[in-house]
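Residue numbers (our numbering): 55 to 210.
Take a look at the structure:
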């Protein structure tokens, strides 16, 4: 059975790896598959100073998806009820893999090894969160977020 896919215009970027889109006159929250971006409220350090890297990650995703359409291939749901998806910018077939680009720009880490080359490049070039020190997003959530049974809170 083929993976469901569709093209939509993003409605709202939640953080560096999640966005809300309109599909079939309903809102759908998508989590980019294979990546984990720093959380919106997460801070990092560079040159000894704290900076809002989570806000910068959200801004990077917002800039990447812009006002154009994105094409998403849907997967399963995560523990928060978000649909996991691999999304590309339009026009297809040459659109940019959004997850790969977020890792390449240094705003996210790979979760399943799919973007190891992009992560190594970001680290070597000190892009995004690799400019200084950061806590991996999963480790940060473990000490800052409510249990997984709670609904996610958009940080708009």
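The beta carbon of each residue, even a glycine, is placed where N, CA and C say it ideally should be.
The secondary-structure analysis by DSSP pairs residue 179 with nothing; it has no beta-bridge partner.
Ranked by Cα distance from residue 79, the options 64, 91, 68 are led by 64.
Unbroken beta strand (DSSP E) runs of no fewer than 3 residues, entirely contained in the region 73-120, are found at 80-86, 89-91, 98-100, 103-105, following chain order. Membership of residue 197 in the alpha helix (DSSP H) is indicated by the continuous run 191-198. Here residue 118 is not near residue 85, since their CB atoms are 9 Å or more apart. When DSSP states are grouped into helix, strand and coil, residue 187 belongs to the strand group.
Judged by DSSP secondary structure, residue 65 falls within the beta strand (DSSP E) whose first and last residues are 64-69. The region 180-197 and the region 100-109 touch, with no fewer than 3 CB-CB distances between them shorter than 8 Å. The shortest CA-to-CA distance from residue 163 to any of 191, 150, 130, 148 is the one to 191.
DSSP places residue 168 in the coil class of the three-state scheme, outside both helix and strand.
When DSSP states are grouped into helix, strand and coil, residue 136 belongs to the coil group. Here residue 140 is buried: its Cβ has 16 or more other Cβ atoms, across all protein chains shown, within 10 Å. For the options 124, 97, 93, 74, the alpha carbon positioned closest to that of residue 145 is the one of 124. In terms of Cβ geometry, residue 187 and residue 100 form a close pair [threshold 9 Å].
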